[in-house]
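Residue numbers (this note's numbering): 4 to 184. A virtual CB, placed ideally from N, CA and C, is assigned to each residue, including glycine. Working notes for the structure below.
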Amino acid sequence: MTRLREKYTKTVVPELQAVFGYQNVMQVPRITKIVVNVGLNSSKDASVAEVAADTLRRITGQQPVKTLAKKSISNFKIREGNVVGLMVTLRGARMYDFLDKLINITFPRIRDFRGVNPKVVGHDGNLSIGFSEHIAFPEIRADEVEKIHGLQVTIATNAKTHEEGLKLFEAFGIPFIKLAK
């Protein structure tokens, strides 16, 4: 059992049961999946897609899936069927390992990081974080990077409200900034 999974069962579940008054352990919200996504520009250069795929493979430990354009948009020079992005969906032990790495290693490596804004937790309890540089992850060595690209991490939960999702992420240890009321 991974460290964060053990933390969830031993500390997060009782804490959320006390806060929200859940009677059953199955009522407590949990993280269902993590999706890591890289959007590609409309360049016809295939090496950009290969570099992004290699980056995702190294960060997540899984082979990324290509996302294709559903329809043609001439203003963006996109044709139907073009590769417009790459994504990886993490579940189970890999999901908890990635979350542990995100909280304890990646966030401290980001320059001028003050914390995650609580407003990025959606009304349905999901958290989406955008990274402008992929070099914050420990698997990527800054000296071998040719071109820096961004990526997006979405942490999906089965929480029903913003407050449930926020308390769940706080219990896991995601550093949120304190907003003035």
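Excluding five sequence positions before and after P32, the CB atoms of its chain that fall closer than 8 Å to its own CB belong to L19, G128, T160, N161, A162, K163, E167, G168, L171, given in chain order. Looking only at R82, V156, A21, H126, the smallest Cα-Cα distance to K36 is reached by V156. In terms of Cα proximity to K74, the closest of Q66, V68, E83 is E83.
Looking from the CA of E149, the closest CA among Q65, N27, M29, D57 belongs to D57. Ranked by Cα distance from S50, the first of P178, H152, G176 is H152. Counting only runs of 4+ residues, no alpha helix (DSSP H) is found wholly inside the region 24 to 58. Taking C-beta separations shorter than 6 Å and ignoring five residues to either side along the sequence, the partners of G176 in its chain run I106, following chain order. Non-local C-beta neighbours of V91 in its own chain, meaning closer than 6 Å and more than five positions away in sequence, comprise V39, L59, T63, Q65, P67, ordered along the chain.
Restricting attention to L71, R94, L102, D115, the CA atom closest to the CA of R6 is found in L102. When DSSP states are grouped into helix, strand and coil, L19 belongs to the helix group.
Setting aside the 5 residues that flank it on each side, I108 is surrounded in the same chain by P141, each with a C-beta closer than 7 Å to its C-beta; the list follows chain order.
Residue pairing by DSSP places T70 opposite G88 in a beta bridge.
Beta-bridge pairing by DSSP links Q155 to N40, G133.
Linking Y11 to R117 through their CA atoms gives a straight-line distance of about 25 Å. Going by beta carbons, L154 and V87 fall outside the 8 Å limit. Taking every protein chain shown into account, the CB of V123 has fewer than 16 other CB atoms within 10 angstroms, so this residue is exposed.
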